[in-house]
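Student: Under this note's numbering, the first residue of the sequence shown carries the number 250, and numbering increases by one thereafter.
Where is the CB? At the ideal position from N, CA and C, for every residue including glycine.
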Amino acid sequence: MTDSLADEVLRSDAPVPGGEPRAVRRARALALRAAGRSVPEIAGELRVARSTVYGWVRHVPTNPEWRADRRRAHAKLMTDARWAGHHDERERRRDAAPRRGPRPDRRRHRP
Numbered sequence: 250m251t252d253s254l255a256d257e258v259l260r261s262d263a264p265v266p267g268g269e270p271r272a273v274r275r276a277r278a279l280a281l282r283a284a285g286r287s288v289p290e291i292a293g294e295l296r297v298a299r300s301t302v303y304g305w306v307r308h309v310p311t312n313p314e315w316r317a318d319r320r321r322a323h324a325k326l327m328t329d330a331r332w333a334g335h336h337d338e339r340e341r342r343r344d345a346a347p348r349r350g351p352r353p354d355r356r357r358h359r360p
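1. Suppose only complete runs of 4+ residues qualify. What are the alpha helix (DSSP H) ranges in the segment 281-319, listed by chain order?
2. Are the CB atoms of residue 276 and residue 302 within a distance shorter than 8 angstroms?
3. Is the beta carbon of residue 292 less than 8 angstroms from the beta carbon of residue 284?
4. Indicate, with yes or no, if the ligand SAH has a heavy atom lying under 7 angstroms from the CB of residue 300.
5. Buried or exposed: residue 344, going by 16 or more other Cβ atoms within 10 Å of its Cβ?
6. Is the distance from the Cβ of residue 273 to the Cβ of residue 288 below 8 angstroms?
7. Helix, strand or coil: how does DSSP classify residue 334 here?
8. Helix, strand or coil for residue 346 per DSSP?
9. Buried or exposed for residue 326, going by 16 or more other Cβ atoms inside 10 Å?
10. Please name the residue in 295, 282, 321 whose C-alpha comes closest to that of residue 310.
Written as structure tokens, this is what we have:
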């Protein structure tokens, strides 16, 4: 696919009708994947199965930086979800605890 065709396909904001020719949907899928979109995102936009999109774009190499960014984002999402209950409980305890005044000066004074 030429760059001009890929650019033209990416600029198309028109919704994809169900009767659109398969070749056009495949060309859009290739252009979207080359632009860094994920297979589920492409499948949702083109309204086709993820397995179909994967078959169309499996030969398109992905940028290692994109994969690393997605892996980091997913790891953060999972970590935040795992610790959310703990953080909520900690905040609840802090809010419920009585407020203390300033701490007294604990330094020892020498004569």
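Tutor: According to the structure shown:
1. 288-295, 299-306
2. no
3. no
4. In terms of ligand content, the structure shown is empty, and the ligand SAH therefore cannot be addressed.
5. exposed
6. no
7. helix
8. coil
9. exposed
10. 282
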